[in-house]
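> In order, the protein sequences belong to chains L and E. If you count the first sequence from 1, position 354 lands on 354 in the numbering used here, and the numbers rise without skipping. Positions in the second sequence are counted from 1; adding 1000 to them yields the numbering used here. Just so it is clear, CB atoms sit at the ideal spot from N, CA and C, and this is done for glycine as well.
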Amino acid sequence: MLEQTDNTILRDAASDDVAVLALDRITKTFPGVKALSEVSLQLYPGKVTALIGENGAGKSTVVKTMTGIYQPDGGAILVGGKVTKFPVPQAASDHGVTAIHQETVLFDELSVAENIFLGHAPRGAFGLIDLKKMAERAREILNGIGANIDPEHKLKDLGIANKHLVAVARALSIDARVVIMDEPTAALSHKEIEELYELVETLKAQGKAILFISHKFDEIFRIADNYTVFRDGQLIGDGAIADVSEPDLVKMMVGRDVSQIFPTRDSSPGDTILRVEGYSHPTEFEDIGFFLRKGEILGFYGLVGAGRSELMQALFGITRPSGGTVEIDGAPVQIKSPADAVDSGIVYVPEDRGKQGAILDLPIFQNVTLPSLGRISSKGFLKLAEEFKLAREYTERLDLRAASLDTHVGNLSGGNQQKVVIAKWLATKPKVIILDEPTKGVDIGSKAAVHEFMAELAAQGLAVIMVSSEIPEVLGMSDRVIVMREGRMVAELANGDLQPETLVRHAAGI
Amino acid sequence: MLKRILTSRETLLVGAIILLLALISSRFPGFVAPSNLANVFNDTSPLILLAIGQMIVILTKCIDLSVAANLALTGMVVSMVNVAAPGLPIVVILMIAIGLGTILGMINGILVWKLAIPPIVVTLGTMTIFRGIIFVISDGKWVNSHEMSPAFKAFPRAEFLGLPVLGWIAIFAVIIFTIVMTRTTLGRAFHAAGGNPHAATYAGINVGKTQFCAFTISGALAGLTGYLWVSRFAVSYVDIAGGFELDVVAACVIGGVSIMGGIGTVTGALLGALFLGIIKNALPVVDISPFWQLAISGGAIIIAVALNAQANREKGRIILKRAEHAT
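See the structure below:
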């Protein structure tokens, strides 16, 4: 089968270049699961190929196959048109394939130069690492990409954007021909993203083939030359980005039309449920005051680091404020721990749901009831029948399909794990639900579902606080918007015909 | 469901133990006689008691290296109390042993909880301190059999239905802690705190306090075992149960307790302890030098860890939606 590979698919029609790296009908199976089913992908020198797909479409599996972490069960990897195998990650990097990962895999305690040259450091006498030469070459490479970073610094002293540059420098240090960027802009600010685009242009000019994985269509249309769409582990379509429109891509990605329109809500807030006054923290925020009504969605907008998450963590009892009052239903409450917050009817769904969400080694029902144990136990002893009843009620409400409530959450798909986390919080029968970046890292199809769900919660009388950095989401979902800047509230705006520019002006302090 | 039971760690371990017993009985049939099995169980009881406590500690992502030193210190204190006041009822001795063990466990727990010192460092330190205190209070002298009161020595050996009290205490501990771990909010908190500390915090569980409770339980069981140990062997000195903490950790690991936290059962700890106990008792019987015991239990640990790692690896992520419904 490998010999029969049709060479025409390896050529870019426009430039007639041979693909630096191509995957030909790659299949990868995990026990009981086909993660990739005969997918093909071509990367050309000096071209950016965008890899697009929903969460779970197989993007990460493809990256791992291309970098030698996974071995494909079928199909072939071709380097410059020749069938090649990457039995170990080192083999992939020997062929010039390098990946800059979602969470950059670098070493905090090592210096920048050591990070760049780890595994292929220049050697001096007796085969020892030539530190001077290493620092020099690191500086050269960093200068080459316009990064003003001292190679002697420890990595942990750098910001996230500079860490990315170090990762790029590392890729260049092994004379990479293929650079895989896995959602590189996810954690970057607007300015840093612009700098990254410039860097991508530099790499293109140097003739590198780039695979760019992203959820964001604006950046795909800005920098990609080609696109490849995966869905459910299958190749759905590929071609030149100039020949395709955004709705086409969305349709390929989710297999149906997705309206970018937010759910229409009949916004008629009820009584005030939460009132916060003079709320301050020694280092993170100061003099915060707002109220929240039943059935209302209150958006919190601001730049990353404006103190929004920190405020929510204090409201939830994770950190302690230095002053101010919190009232629920008109009665003052003292929230000293998350348990107090849950008791008072406040729940907080954190941003990092992977890390802070579910407990993978526990079954579904135990995850769902975890914050509600007080209600289903007496004197510390659990009432198992009631526990099951509670878990069943809320998993059914969220239409969670699993063989049994005994199934360990670690065996569920990402989407179903998310449902378990939401069921867990709803089962506490909260009055106020705080959603921190509810759609961050969520693909476009699931985003609409999250928004609809949020609208439904509000319609049922729940008061929702939504912390979001995405302006369309803030404008599309909120009844009112509070803008924070550097730990202070700078504006409280009713969302009638609120303009994006207004939010940005307040957030940036212009 | 049946398939899950058949492939669980506990079932595999029961199978391994039966296989082990079958092997031994093929060379020495007397080993599997009920009276001898009762002896083996009784002999393994201290290990079972400590393994239960250790399992709970490991479940919360901690480790307690001070259990054997706690046992030795508590044992020395109750021995000296017995020498000073031979007439003191055994109930009081038991209360002193459990109480002192609990306090020593709480010291570990407080250091881990409030000062956030890594558990391995804390318990390595307290392990040495506890041994040092024994030396200070005893002047390095032994408390010998003839100095202990007859009642003091008789308690763990008193037989009831063919099994000494020591063995019965282990059985009660297994039952009580099975209930605690599966049927109480505290038991749930142990699993959650070790399985995903961040998620547990957000669910309103105080992870540090949960770890403190784990150390307290481990300490209480070590204290109880301290009295049972010195009275059963009728001797107390600085170095009793030296290195025993490693056997305890080994029993947990063999019993399928994940050293990364979050996974572990009382049954697993019990079976892991029994496995080691049977090997230790069988080797002299089948004429293998007891020195091999160390090598064999070491091998068992590595095999157990390798099997556990294998089991965890097979859990591939489910990516395709339809595949999930098919399974």
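In the DSSP assignment, what residue or residues form a beta bridge with Ala518/L?
Because chain L spans 1 through 510 in this model, residue 518/L falls outside it and cannot be assessed.
> Please decide whether Val342/L counts as near chain E, where near means a Cβ-Cβ distance under 7 Å.
For Val342/L, the answer is yes, since a Cβ of chain E falls inside 7 Å of its Cβ.
> Below 8 Å CB to CB, which residues in the same chain sit around Gly1208/E once its five sequence neighbours on both sides are set aside?
Only Val1112, Trp1113, Lys1114 and Ala1116 meet the Cβ criterion.
> Which residues in the same chain have their Cβ closer than 7 Å to the Cβ of Gly175/L, if we skip the five residues on either side of it in sequence?
The question names Gly, but residue 175/L in the sequence shown is Asp. Same-chain partners within the cutoff: Gly96.
> Exposed or buried, which one is Asp243/L when buried takes at least 16 other CB atoms within 10 Å?
Exposed, by the Cβ-count rule.
> Taking Val254/L as the reference, give the member of Val229/L, Ile433/L and Gly239/L with the closest Cα.
It is Val229/L whose Cα lies nearest to the Cα of Val254/L.
> Quick check on the DSSP output: the beta strand (DSSP E) that includes Arg293/L runs from which residue to which?
Ile288 to Arg293 is the span of the beta strand (DSSP E), which, as asked, contains Arg293/L.
> Per DSSP, what kind of secondary structure is Ser1297/E in: helix, strand or coil?
The answer is helix: DSSP assigns Ser1297/E an H, G or I state.
> In chain order, what are the residue ranges of uninterrupted alpha helix (DSSP H) at least 4 long that sit wholly in the stretch 147-212 of chain L?
Listed in chain order, the complete alpha helix (DSSP H) runs (minimum 4 residues) inside the stretch 147-212 of chain L are 160-173 and 190-205.
> Out of Ser189/L, Pro350/L, Val178/L and Ile297/L, which one is the CA nearest neighbour of Leu315/L?
Comparing Cα positions, the closest option is Pro350/L.
> Tell me whether Ile318/L sits in a helix, a strand or coil according to DSSP, three-state version.
Three-state result, Ile318/L: coil.
> Output the residue ranges of the alpha helix (DSSP H) runs that lie fully inside the stretch 1263-1309 of chain E and measure 4 residues or longer, sorted by chain position.
Taking only runs of at least 4 residues, the alpha helix (DSSP H) segments lying wholly in the stretch 1263-1309 of chain E are 1266-1285.
> How is the beta strand (DSSP E) around Asn226/L delimited, first residue to last?
Residues Asn226 to Arg231.
> Could you name the residues of chain E that Leu382/L contacts, counting a contact when the two beta carbons are closer than 9 Å?
Ordered by position in chain E, the residues that pass the 9 Å Cβ test against Leu382/L are Thr1182, Arg1183, Thr1184, Thr1185, Gly1187 and Arg1188.
> Helix or strand or just coil, what does DSSP make of Ile145/L?
Ile145/L falls in the coil class under three-state DSSP.
> Taking only beta-carbon atoms, is Asp248/L less than 7 Å away from chain E?
Cβ-Cβ to chain E under 7 Å: no for Asp248/L.
> Looking at chain E, is there any beta carbon in it that lies within less than 7 Å of the beta carbon of Asp361/L?
Yes, its Cβ sits closer than 7 Å to a Cβ of chain E.
> Would you list, in chain order, the members of the stretch 364-380 of chain L that have their beta-carbon closer than 7 Å to a beta-carbon of chain E?
Cβ contacts with chain E: Gln366, Leu370, Pro371, Leu373, Ser377 and Gly380.
> Can you find the residues in the same chain that come closer than 8 Å, C-beta to C-beta, to Leu1320/E, ignoring five residues on each side of it along the sequence?
Because the pLDDT of Leu1320/E is 38, which lies under 50, any placement of that residue in the model is unreliable, and the question is left without a value.
> Return helix, strand or coil for Phe262/L, following the three-state DSSP convention.
Coil, per DSSP.
> How many Å lie between Asp225/L and Ala1192/E at the Cα?
Distance between the alpha carbons of Asp225/L and Ala1192/E: 47 Å.
> Can you tell which of Arg397/L, Asp406/L and Lys429/L has the C-alpha that lies nearest to the C-alpha of Lys419/L?
For the residues Arg397/L, Asp406/L and Lys429/L, the minimum Cα distance to Lys419/L belongs to Arg397/L.
> Under 7 Å Cβ to Cβ from Pro1164/E, same chain only, skipping five residues before and after it: list those, please.
Excluding positions up to five away in sequence, the list reads Asn1042, Pro1156, Arg1157 and Ala1158.
> Please tell me whether Gly53/L has its Cβ less than 7 Å away from any Cβ of chain E.
No, Gly53/L does not count as interfacial toward chain E.
> With contact counted as at least three CB pairs below 8 Å, one residue from each stretch, are the stretch 138-150 of chain L and the stretch 54-73 of chain L in contact?
Too few Cβ pairs lie closer than 8 Å, so no.
> What is the rounded straight-line gap between the Cα of Ile1263/E and the Cα of Gln366/L?
Those two C-alpha atoms are separated by around 14 Å.
> For Asn1196/E, which residues of its own chain have a beta-carbon under 6 Å away from its beta-carbon, when the five flanking residues on both sides are left out?
Same-chain partners within the cutoff: there are none.
> Taking DSSP's pairing of strands, which residues face Gly1204/E in a bridge?
According to DSSP, Gly1204/E bridges with nothing at all.
> What's the call for Cys1215/E, buried or exposed, on a 16-neighbour Cβ count within 10 Å?
In the sequence under discussion, the amino acid at residue 1215/E is Phe, which differs from the Cys named in the question. Burial call: buried.
> Taking Cβ-Cβ distances shorter than 9 Å, what residues in chain E pair up with Ile318/L?
Here the neighbours are Thr1201 and Tyr1202.
> With Gly299/L and Ser413/L assumed to form a contact (beta carbons below 8 Å), what rounded beta-carbon distance in angstroms separates them?
Not confirmed; about 29 Å, so no contact.
> On the three-state DSSP scale, how would you describe Pro430/L?
If DSSP states are grouped into helix, strand and coil, Pro430/L belongs with coil.
> First and last residue of the beta strand (DSSP E) that includes Thr325/L?
Its beta strand (DSSP E) spans residues Gly323 to Ile328.
> Can the beta-carbon of Ile1302/E be found closer than 7 Å to that of Val1253/E?
No. Outside cutoff.
> At a Cβ cut of 8 Å, what residues of the stretch 293-319 of chain L count as close to chain E, listed as they run along the chain?
Against chain E - using a Cβ distance shorter than 8 Å - the residues of the stretch 293-319 of chain L are Phe316 and Ile318.
> Please return the same chain residues whose Cβ sits closer than 8 Å to the Cβ of Phe1130/E, not counting the five positions on each side in sequence.
Excluding residues within five positions, the ones whose Cβ falls inside 8 Å are Ser1066, Ala1069, Asn1070, Ala1072, Leu1073 and Leu1104.
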